[in-house]
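Chains as they are written, first to last, in the numbering used here: chain A, 1 to 352; chain B, 1001 to 1352; chain C, 2001 to 2352; chain D, 3001 to 3352.
Positions of the beta carbon are idealized from the N, C-alpha and C atoms, including for glycine.
It should be emphasised that the depicted structure is a prediction, and the values quoted were computed from it without experimental measurement.
4 protein chains.
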Amino acid sequence: MNFISDNLAGATAPVMRAMATANDGFSAAYGNDGWTRRVEALFAELFERQVAVFLVTTGTAANSLALASLVQPWGAVLCHHEAHIAADECGAPEFFTGGAKIVGLPGDGCKLAPEVVTDQLARMRAGATHQVQPQMLSITQATECGLVYVPAEIAALKQAIAPRGLKLHMDGARFANAVAALGCTPAELTWKAGVDVLSFGGTKNGAFAAEAVIVFDPADASEMPWRRKRAGHTLSKGRLIGAQFEGLLADGHWLDLARHANAMASRLAAAITTAGRLRLAWACEANEVFVVLPPRAQAALAEQDVQYIAWSDGALTAGQELRHGEVVGRFVCSFATQAVDVDRLAAVLAAS
Amino acid sequence: MNFISDNLAGATAPVMRAMATANDGFSAAYGNDGWTRRVEALFAELFERQVAVFLVTTGTAANSLALASLVQPWGAVLCHHEAHIAADECGAPEFFTGGAKIVGLPGDGCKLAPEVVTDQLARMRAGATHQVQPQMLSITQATECGLVYVPAEIAALKQAIAPRGLKLHMDGARFANAVAALGCTPAELTWKAGVDVLSFGGTKNGAFAAEAVIVFDPADASEMPWRRKRAGHTLSKGRLIGAQFEGLLADGHWLDLARHANAMASRLAAAITTAGRLRLAWACEANEVFVVLPPRAQAALAEQDVQYIAWSDGALTAGQELRHGEVVGRFVCSFATQAVDVDRLAAVLAAS
Amino acid sequence: MNFISDNLAGATAPVMRAMATANDGFSAAYGNDGWTRRVEALFAELFERQVAVFLVTTGTAANSLALASLVQPWGAVLCHHEAHIAADECGAPEFFTGGAKIVGLPGDGCKLAPEVVTDQLARMRAGATHQVQPQMLSITQATECGLVYVPAEIAALKQAIAPRGLKLHMDGARFANAVAALGCTPAELTWKAGVDVLSFGGTKNGAFAAEAVIVFDPADASEMPWRRKRAGHTLSKGRLIGAQFEGLLADGHWLDLARHANAMASRLAAAITTAGRLRLAWACEANEVFVVLPPRAQAALAEQDVQYIAWSDGALTAGQELRHGEVVGRFVCSFATQAVDVDRLAAVLAAS
Amino acid sequence: MNFISDNLAGATAPVMRAMATANDGFSAAYGNDGWTRRVEALFAELFERQVAVFLVTTGTAANSLALASLVQPWGAVLCHHEAHIAADECGAPEFFTGGAKIVGLPGDGCKLAPEVVTDQLARMRAGATHQVQPQMLSITQATECGLVYVPAEIAALKQAIAPRGLKLHMDGARFANAVAALGCTPAELTWKAGVDVLSFGGTKNGAFAAEAVIVFDPADASEMPWRRKRAGHTLSKGRLIGAQFEGLLADGHWLDLARHANAMASRLAAAITTAGRLRLAWACEANEVFVVLPPRAQAALAEQDVQYIAWSDGALTAGQELRHGEVVGRFVCSFATQAVDVDRLAAVLAAS
């Protein structure tokens, strides 16, 4: 059983069909094709406003391009210290921005609180030339610990940065899971709450390799075509990505997939809570379950060949620290996760 | 009829099937999967030696990563002034290398001669700290004007740079067409002739988005995993690229495709020559035909809605300059080009 | 009275004389001059071994060049989170390295402990391509809080990083003060304790604008000439910097200057301790005194127009936190500080 | 006799005195001092308008900062192919700009003609994302071959770039010599003719290490403070540079120095012309004389130990190519060049 990540399954059947259809015949290259145009229109509809859309194949590219377009080399991006852009992209944001600084902040479950942001900003003097200047706040939705920000929380963060003019970026590698979990609209969860630019993830949610940078104010997107091209992220057969998104966005397929993944995670979390033997590291709010695993549970999982990742304990709430021998196990559910496997996993844990 | 480029058709049926097969089930992410491993073995077999292989989705990424791994920020890359890396990648090589200099040299049909390289090197003082230091020579096979280098020509270029220790890079966006045209082995055309690193193109030859950086001395590849990751080019579902190459490389499919494209180009060139009304800008040696088009031919093509590109005349042989109103028309054939369309195009040109 | 920093006074008379002497006649440009050669020899003598020396005009340049020469773009530099390279150089290290990551660690008085370094390294997986790789540890001598590392402490840090192969950089903007304070040799305080590269400060210690990057293993210096030139830090009249160092290093002038500065700081610290009304934030070990100033002391200083800086409290020892209204006042002594001013300052503080 | 360059002599007596005066007492650091403020006012007066001024120590830094502030990483800077920024700064412009492209154009004597610029621009498609975008034209005044642009020529170049919105940069390492030669005002030679940003050279004209970036529209200067700091070019004892410029600009000292250098060069050129044995490579219009030296002249110079540089022949006028054995000898005069040496040199050449 594989709960390592939501990027280990392939693409869904509708996505595969969309790609196969797009494959026929000749089409203009470099994103000047019908699929890309249609996807742009679909995103405009989804977000209930004009948006600038840039399709790429990886989340690292999406995040880094979003940052680089709005942060200068002497700028700073505030984020959680375990944010993907800070901890898992091998310095891609620094590469794309020309050396901007990623400033990591604390927060339980990788969520940032407005006070933490405000405090950090107070320590960064506006206009000082000896220090980098804060220019962006980046939050992850759902977070690296599987929590979600509700619109009011996002708006509060925007309010915290507004006096200093920072832009708000949302790393939405699991945006679909957050939308599905909260039941609000994509617009409510983004620009209506103050998000300026969104990395809209498709890959973890049933695409092969499809991510979109959604820029809500087209004026913020003026540099993107050149930045994307010179990063080698403008695909000649760009309809490849467009078709994947067309497959995802048609008929709410993307939300169905996310709802399923979330439901599987809830099912697992509920089973663990009911069993009462293990505690969750953080609440299960999207498609991931983080379980504090004592040695006996680790052994049981190994014996049953359950694949998962031992996650960082750096964002645990104070007072919830790990005891000797414990690890945080991350179990990720995706569109491809089956209930029978969840139940088997729950049984393994309950019996451990 | 569309002769604009060989990246306008989709993927071939075997490539699509390979992707569909790879799509099933779970697989390790980030290139740690069976498809990627098998493709590495296939390339080792193809090149008759151990190689380090890095799969990416675009030629710009492949070229830029190859350059950046072997050229320092104060290095210079010699190439033809109309080479793709110099003229069509929006400064990607400069971005990836941290600001190295791309030094453009002249050469008929975008081919470089050893004397030109030797002369240029003589003008760049070794060890001088006021000038960038030449560290790589990059050639394109087949060239941007559709010509091919035979192994002896490559070896002569290697000999020209050997005293100064430059590495030899081959931009093989159309490597398959060159191999097919020359009938020699991939090994003869690369490392046996002195090539250190090759961008092996798949996209223009029937893949969706698949390019491979082939590093012949693994010691030259030590930086690549980090450079690729921080450029956002390490796909989580990396088997996507692996599967495309598996489809291409199986049973010589890649060479069959290239042979077809070359044959279509030869057919067109032969028809033009036979008709005797128009002159070729450069010999047709691979899958592209460059025709000097007087106004009447341009008008005829427009009337018949033939799609092609008006190409640069910057690499014409001395004495072959364009006359008033003429343009160089580029007609590219691909695996998807059909003989009936070639014949129709030839007829349009013959009648113009 | 001005205690803001040790870079507010000009150059000493011997330094000025050395510059005036160097000014006469013609001399080869770009560091190919006798002054530069002699200074290289003086440094070799001072450090009791062959060294590679690169003269520049600012500490930011010295630090950034030292880092960039030994850290790759996907590398990480560990240092205290309030280190000058992390907090006061506007991202220069990121700029020069091509986007490496500066990882800030905690430590009382800006000193790093080996355990802290070891713990951090344990969290950074060797060879992982999703994370930057630790390649350098940078310590400041004396620290930003005026503390010094003894050779054994430096050696212990080197031991902590040795298993992972990190290089050890010392930011010696106040290296002279540390040498003077400890009474050990420059060699004992650097390469004998494991330092690989040193930013040897001259500016704060009586020069106009003179810093030297001292590379103890010449093999580590191979990139420096190009990195310095392309950063615009290779002065045409390079003897300007050479002459300043010749003035500083002759007859132990540099140590006399540092001893004076240290003595003035000690005098101030002793007076404060004797008075018993105020507490020091950190021990006075070099040429800086950090005093916890209650509001009444702040008012007294303002009234007497004493110039100083309110310093960060981020490196205070646990349990020593500031109380309401308190600030940490930094009082820096230099070669130009006079005892009468120190005594007046002490009196102001004692009377507050 | 040393005619290698105008950066081999030290500083003039007035400059040295100004530095000595600035040396006394304490002063605010990082350019927040009276000398810097006064120099800013002096430049405003000199240029008859408000200007933003940034002092640095090298021409490479001045040029690179000027370029980086106004050119994006995917931008191109047009200049002569032998311009200092293209050929002698080891890729500093690429480093500072984050990888912009320096596009070298031809021109006799390193002067650019408007038609050449217009033609080049016609080859660079506006808005194309596969190619870098032209954003700046950089000219050198006086040129690397010692020629000067009159205001009308500068205005014509500005007119050539205006439709595409490029900024105009002037590398004024020898700006003083050009002003002295032309007898027009600094304003006429810069912003009144369309120059947007000027690297105003002091070092070659009697300073130790003093260059100023003069930005005529302060809006163009918004990035400079951060770019300068993170490049390590914000000196703590910034009054060092300010004082040098105060010394230079007082009482027209800078122009007196330049007039002397120019007069020495004219004297040499006139003697050579009168002797009639040797031909000049380019007219002597400022402080440099370029002489075509046959082997016998080279031998005579070597015998008399005359120091000069064999210069590139890459910008010779068509039809003036070197004959076998000839080299272009560059003889540079500075404020420190003496008539007696010029006459001796002329005699050596006349007798050869």
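Here T203 (chain A) is buried: its Cβ has 16 or more other Cβ atoms, across all protein chains shown, within 10 Å.
For chain C, the residues of the stretch 3076-3089 of chain D that bring a beta carbon within less than 9 Å of one of its beta carbons are E3089, in chain order.
Inclusion of V2077 (chain C) and L2067 (chain C) in the CB contact set at 8 Å is warranted, their separation being smaller than that value. Selection A:G34, A:Y30 and A:A62 evaluated against A1231 (chain B) yields A:A62 as nearest (Cα-Cα). At a cut-off of 8 Å between C-beta atoms, H2130 (chain C) counts as an interface residue with respect to chain A. Fully contained in the stretch 2152-2238 of chain C are the following beta strand (DSSP E) runs of length 3 or more, in chain order: 2167-2172, 2197-2201 and 2211-2215. If the five residues before and after R2277 (chain C) are omitted, its C-beta is found closer than 7 Å to the C-beta atoms of A2350, all from its own chain and listed in chain order. The C-beta distance from A2022 (chain C) to A2243 (chain C) rounds to 4 Å, short enough to meet the 8 Å contact threshold. Contact annotation for W2226 (chain C) against chain D: C3090 [CB-CB distance below 8 Å, chain order]. Collapsing the DSSP output to three states places V1340 (chain B) in a helix. Per DSSP, W1254 (chain B) is one residue of the alpha helix (DSSP H) stretching across H1253 to A1275. In the structure shown, F3047 (chain D) falls within a helical segment according to DSSP collapsed to helix, strand and coil. In the structure shown, the three-state DSSP call for L3316 (chain D) is coil. If you draw a straight line from the Cα of D1313 (chain B) to the Cα of D2171 (chain C), it is about 55 Å long.
W3311 (chain D) is bridged by DSSP to D:V3328. In summary, P2225 (chain C) is buried, with 16 or more beta-carbon neighbours lying within 10 Å of its beta-carbon over all protein chains present.
M3136 (chain D) places its beta carbon 8 Å or farther from that of K3111 (chain D). A Cβ of chain D is located within less than 8 Å of the beta carbon of N2007 (chain C). Burial is judged here by how many other beta carbons sit within 10 angstroms of a residue's own beta carbon; S1222 (chain B) has fewer than 16 and is exposed. The Cβ atoms of A286 (chain A) and A265 (chain A) lie closer than 8 Å to each other.
For E321 (chain A), no alpha helix (DSSP H) encloses it, and the DSSP letter there is neither H nor E. By the neighbour-count definition (other C-beta atoms within 10 Å, threshold 16), A2087 (chain C) is a buried residue. If the five residues before and after Q131 (chain A) are omitted, its C-beta is found closer than 7 Å to the C-beta atoms of M124 and R125, all from its own chain and listed in chain order. If you look at P1114 (chain B), you'll find it isn't in any beta strand (DSSP E); it sits in the alpha helix (DSSP H) that goes P1114 to A1122. Residue contact check for E3048 (chain D) against chain B: no CB pair falls below 8 Å.
At a C-beta separation below 9 Å, H233 (chain A) has these neighbours in chain B: T1057, T1058, T1060, A1061, A1231, G1232 and H1233. Cα atoms of V3197 (chain D) and I3214 (chain D): separation of roughly 6 Å, rounded to the nearest angstrom. About 6 Å separates the Cβ atoms of C90 (chain A) and T2129 (chain C), confirming a contact at the 8 Å cut-off.
In this structure, N1177 (chain B) lies away from S236 (chain A), with their beta-carbon atoms at least 8 Å apart.
For T2140 (chain C), the enclosing beta strand (DSSP E) has its first and last residue at Q2133 to T2140. At least one beta carbon of chain C lies nearer than 8 Å to the beta carbon of P73 (chain A).
Residue-level contact by beta carbon fails for G1238 (chain B) and chain C, as no gap is shorter than 8 Å. Bridge partners of N1063 (chain B) according to DSSP: none are assigned. Taking a C-beta distance under 8 Å as the contact criterion, V1289 (chain B) and A1261 (chain B) do not qualify as a contact pair. In the DSSP assignment, H3080 (chain D) is bridged to D:L3105. Comparing alpha carbon positions, the residue from C:A2219, C:Q2133, C:A2029 and C:A2113 closest to A2315 (chain C) is C:A2113.
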